[in-house]
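Student: For reference, the structure I am asking about is given below.
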């Protein structure tokens, strides 16, 4: 087990290091890799027209991730479901789902009961209308996926060209796994992209904050000054100006640790494993002689 | 780093396999790593049988002939018909260090080997005398009988080797040319046993007499197709973590205790009494 985690850790470091070494300043990791495995396939339907597509992951959360290990032997930890009443680990067959209706009061469901009402994926992205892409509030955007043509490229190419020409997005819905999402199909960098969206009830309305009701109207002169500052600092938004500094610092630390400059992670293995390794080295030497 | 030295990833190293001596699985694996150079020449190309004690020797263990599920693909196996199981069995061949370490990691406490190798199973390369004392006879009685056996074999011009069984008895082996059948080695061992029974009333040579108290049975029956012997330097399932240890004949002249040869003491033994055992396969002919 130890072997495995160690290897992966190293690989991650190496992957992230490569671009950094090539161009000294650009310590930012390379763009997220293209996923080669579709996570969904089906078709976009507009009325009677079908565009068969495959869905690929596009958004990755590539921040620094750490694994929890046991301090004494660096063994990875796992989570267990523990009963809050007797503190014992509960095996899966004994787990049911409960909807909390009031504090500590649950409506209990078995798996079959919930499966019965699960939305069925009909393998369709149903487009009900076309909207101006920029008219959609990006606060609702949830995640995005690359759409690729499945079998026929013609229908895909046609839809892409039309959306590009008109700056429009198809609005509709898609079921992924067990959840139905509002979704947009739009053009992005010469491809069709599907963006799933949040429901309105998942987005808070900031006007519900009391503080906002006490805001005084600014003085004219103040407003003028503020507008001047904003004007002076105006520019194009450029993602390249933003770096994950924390990630960079951690990556530096990892590099140092792997070189043996620092402690803990590469801590010598536990006494007993050390004994095994010593014995192994000695035996391998003896076997070589033979 | 683990990956360079062995393909095996260790598991449950803290587990205590011998509770009386508080021997952990780590120490147990370390023992087999240390003994590998001496054991591998015996094990190689023999379809082995394991006794596994994943929860320690005081808990239930099990025999295992079939290569277990989830076996790594680099472990060599051989499919052979088992006379005792009456079916084909995929046996493990322990031909290298990694396989021995893997077996140790499975808590295969005892490793048993047949007296013949997989390429010619009908032709043993050892004739095997199992010198087995029936209580209250002890290891001392077994030693006396083993020394008598050596006298007889010496007189016939044979060079025999002795090891502790790791329990109460002694094992005497005659490395032979692979020219004889099990029936021939069995008859040979039986004939010597019968002769010895005439020489000493301590010795019994027949199965019917094995349970006679205070007697020492010179067992010939292990010289059979499909039967196995505990491998030299294999640990035993005993509270004291004893080892089936090759010894010098002269060791038998003083009183020895099986517990003296255990997981801690055996790796420290300097001498190698069986060093030349493979150098002189003998003809099973009386000069």
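Residue numbers (this note's numbering), protein chains in the order written: chain A, 101 to 390; chain B, 958 to 1244. Positions of the beta carbon are idealized from the N, C-alpha and C atoms, including for glycine.
1) At least one CB of chain B closer than 8 Å to the CB of residue 226 of chain A: is that the case?
2) Taking its Cβ as the centre, do 16 or more other Cβ atoms sit within 10 Å of residue 1231 of chain B, making it buried, or is it exposed?
3) Taking Cβ positions only, does residue 373 of chain A come closer than 8 Å to chain B?
4) Would you call the CB atoms of residue 275 of chain A and residue 241 of chain A closer than 8 Å?
5) Give the single residue among A:212, A:143, A:353 whose Cα lies nearest to the Cα of residue 153 of chain A.
6) Under 7 Å between beta-carbons, which chain A residues line up against residue 1256 of chain B? List them in chain order, please.
7) Based on Cα-Cα distance, which residue from B:1074, B:1242, B:1082, B:1224 lies nearest to residue 1005 of chain B?
8) If you follow the alpha helix (DSSP H) that residue 262 of chain A is part of, which residue opens it and which one closes it?
9) Using a Cβ-Cβ cut-off of less than 7 Å, give me the residues of the stretch 989-1006 of chain B that come near chain A, in sequence order.
10) Looking at the secondary structure, which residues open and close the alpha helix (DSSP H) in which residue 217 of chain A lies?
11) Can you tell me where the alpha helix (DSSP H) with residue 1150 of chain B in it begins and where it stops?
12) Within the chosen definition, does the stretch 984-993 of chain B reach the stretch 1051-1061 of chain B through at least 3 CB pairs nearer than 8 Å?
13) Could you tell me the distance, in whole angstroms, from the CA atom of residue 182 of chain A to the CA atom of residue 195 of chain A?
14) So residue 226 of chain A is in the beta strand (DSSP E); what residue range does that whole segment cover?
15) Suppose the cutoff is 6 Å on Cβ atoms and the five residues either side in sequence are ignored; what does the same chain contact list for residue 268 of chain A look like?
16) Can you give me the C-alpha to C-alpha distance between residue 235 of chain A and residue 252 of chain A, rounded to a whole angstrom?
17) Residues of chain B with a CB under 8 Å from the CB of residue 387 of chain A: which are they?
18) Give me the chain B residues within the contact set of residue 384 of chain A, using Cβ-Cβ distance strictly less than 8 Å, ordered along the chain.
19) Any idea if residue 1101 of chain B is buried or exposed, counting beta-carbon neighbours within 10 angstroms, 16 or more meaning buried?
20) My output table needs one value for residue 353 of chain A: the three-state DSSP class, helix, strand or coil.
21) Taking 8 Å as the threshold (beta carbon to beta carbon), is residue 983 of chain B in contact with chain A?
22) Could you tell me which chain A residues have their CB closer than 9 Å to the CB of residue 1085 of chain B, listed as they occur along the chain?
23) For residue 249 of chain A, report the span of its alpha helix (DSSP H) as first-last.
24) In three-state terms, what does DSSP make of residue 1126 of chain B?
25) Drop a sphere of 10 angstroms on the beta-carbon of residue 140 of chain A, count the other beta-carbons inside from all chains shown, and report buried for 16 or more, exposed for fewer.
26) Using only the alpha-carbon positions, how far apart do residue 348 of chain A and residue 297 of chain A sit?
27) Going by CA-CA distance only, name the one from B:1117, B:1199, B:1041, B:1156 that's closest to residue 1071 of chain B.
28) If I'm right that residue 1209 of chain B touches residue 1142 of chain B with Cβ under 8 Å, what's the distance once you round it to whole angstroms?
29) Looking only at C-alpha atoms, which of B:1030, B:1011, B:1181 sits nearest to residue 1021 of chain B?
30) If we cut at 8 Å on Cβ distances, does residue 1235 of chain B have a partner in chain A?
31) Would residue 1018 of chain B and residue 1034 of chain B qualify as a contact pair, given that the criterion is a beta-carbon distance under 8 Å?
32) Can you name, in chain order, every residue of its own chain whose Cβ lies under 6 Å from the Cβ of residue 1180 of chain B, other than the five neighbours on each side?
33) Residue 1145 of chain B versus chain C: which residues are under 7 Å apart at the beta carbon?
34) At 4 residues or longer, what runs of the alpha helix (DSSP H) sit wholly inside the stretch 1046-1097 of chain B?
35) Which residue or residues does DSSP assign as beta-bridge partners of residue 1190 of chain B?
Tutor: Concretely, from the data shown:
1) The residue you call residue 226 of chain A lines up with position 126 of the first chain. No - not a single Cβ of chain B is within 8 Å of the one on residue 226 of chain A.
2) Taking the second chain and counting its residues from 1, the one referred to as residue 1231 of chain B is at position 274. It counts as buried.
3) Residue 373 of chain A sits at position 273 when you count from the first residue of the first chain. It does: the Cβ of residue 373 of chain A has a partner Cβ on chain B nearer than 8 Å.
4) Position 175 of the first chain holds residue 275 of chain A. Position 141 of the first chain holds residue 241 of chain A. Against a cut-off of 8 Å, the Cβ pair of residue 241 of chain A and residue 275 of chain A comes out as no contact.
5) On the first chain, position 53 is the one that residue 153 of chain A refers to. Out of A:212, A:143, A:353, A:143 has the C-alpha closest to the C-alpha of residue 153 of chain A.
6) As shown, chain B starts at 958 and ends at 1244. That puts residue 1256 of chain B outside it, with no answer to give.
7) Locating residue 1005 of chain B in the second chain gives position 48, counting from the first residue. For the residues B:1074, B:1242, B:1082, B:1224, the minimum Cα distance to residue 1005 of chain B belongs to B:1074.
8) Position 162 of the first chain, counted from the first residue, corresponds to residue 262 of chain A. Where residue 262 of chain A is concerned, the enclosing alpha helix (DSSP H) stretches over 254-266.
9) Within the stretch 989-1006 of chain B, the residues whose Cβ lies closer than 7 Å to some Cβ of chain A are 990, 991, 993, 994, listed in chain order.
10) For the purposes of this step, residue 217 of chain A is taken as residue 117 along the first chain, with counting starting at 1. It spans 211-217 - the alpha helix (DSSP H) in which residue 217 of chain A sits, taken as one unbroken run.
11) Start at 1 with the first residue of the second chain, and residue 1150 of chain B comes out as number 193. Taken as a continuous stretch (DSSP letters only), the alpha helix (DSSP H) holding residue 1150 of chain B covers 1139-1156.
12) yes
13) Numbered from its first residue, the first chain carries residue 182 of chain A at position 82. Numbered from its first residue, the first chain carries residue 195 of chain A at position 95. Their backbone Cα atoms lie some 10 Å apart in a straight line.
14) Taking the first chain and counting its residues from 1, one reaches residue 226 of chain A at position 126. Unbroken beta strand (DSSP E) run through residue 226 of chain A: 224-232.
15) For the purposes of this step, residue 268 of chain A is taken as the residue at position 168 of the first chain. Cβ within range, chain order: 230.
16) The residue labelled residue 235 of chain A in the question sits at position 135 within the first chain. The residue labelled residue 252 of chain A in the question sits at position 152 within the first chain. Cα to Cα, residue 235 of chain A sits roughly 31 Å from residue 252 of chain A.
17) Here residue 387 of chain A is taken as the residue at index 287 of the first chain, counted from 1. Residues of chain B passing the Cβ test: 993, 994, 997, 1054.
18) Taking the first chain and counting its residues from 1, one reaches residue 384 of chain A at position 284. Neighbourhood of residue 384 of chain A in chain B, by CB distance below 8 Å: 962, 1054, in chain order.
19) Within the second chain, numbered from 1, the residue matching residue 1101 of chain B stands at position 144. Label assigned to residue 1101 of chain B: buried.
20) Position 253 of the first chain, counting from 1, holds the residue named residue 353 of chain A. Here residue 353 of chain A sits in helix by DSSP.
21) Along the second chain, read from residue 1 onward, the residue named residue 983 of chain B stands at position 26. For residue 983 of chain B, the answer is yes, since a Cβ of chain A falls inside 8 Å of its Cβ.
22) For this step, residue 1085 of chain B is matched to residue 128 along the second chain. Per Cβ cutoff of 9 Å: no residues; residue 1085 of chain B is ~25 Å from chain A at best.
23) Here residue 249 of chain A is taken as the residue at index 149 of the first chain, counted from 1. Per DSSP, residue 249 of chain A lies in no alpha helix (DSSP H) segment; the continuous beta strand (DSSP E) that holds it begins and ends at 241-249.
24) For this step, residue 1126 of chain B is matched to residue 169 along the second chain. Residue state, collapsed to three classes: coil.
25) Taking the first residue of the first chain as 1, we reach residue 140 of chain A at position 40. Counting Cβ neighbours within 10 Å, residue 140 of chain A comes out buried, since at least 16 surround it.
26) Residue numbering aside, residue 348 of chain A sits at position 248 when the first chain is read from its first letter. Residue numbering aside, residue 297 of chain A sits at position 197 when the first chain is read from its first letter. Using only the alpha carbons, I get a separation of about 31 Å.
27) Reading the second chain from its first residue, position 114 is the one you call residue 1071 of chain B. Nearest Cα to residue 1071 of chain B within the set B:1117, B:1199, B:1041, B:1156: B:1041.
28) Looking up residue 1209 of chain B in the second chain gives position 252. Looking up residue 1142 of chain B in the second chain gives position 185. The Cβ separation is near 23 Å, so there is no contact.
29) Position 64 of the second chain, counted from the start, is the residue given in the question as residue 1021 of chain B. That would be B:1011, whose Cα lies nearest to the Cα of residue 1021 of chain B.
30) Start at 1 with the first residue of the second chain, and residue 1235 of chain B comes out as number 278. By this cut-off, residue 1235 of chain B is not an interface position.
31) By one-based count along the second chain, residue 1018 of chain B stands at place 61. By one-based count along the second chain, residue 1034 of chain B stands at place 77. Their beta carbons are not under 8 Å apart, which means residue 1018 of chain B does not touch residue 1034 of chain B by this criterion.
32) The sequence position of residue 1180 of chain B within the second chain is 223, counting from 1. For residue 1180 of chain B, where only same-chain residues beyond five positions count, the Cβ hits under 6 Å are 1085, 1139, 1142, 1143, 1146.
33) The question asks about chain C, but that chain is absent: this structure's protein chains are A and B.
34) 1054-1062
35) Taking the first residue of the second chain as position 1, residue 1190 of chain B is located at position 233. BP columns for residue 1190 of chain B are empty, so no partner.
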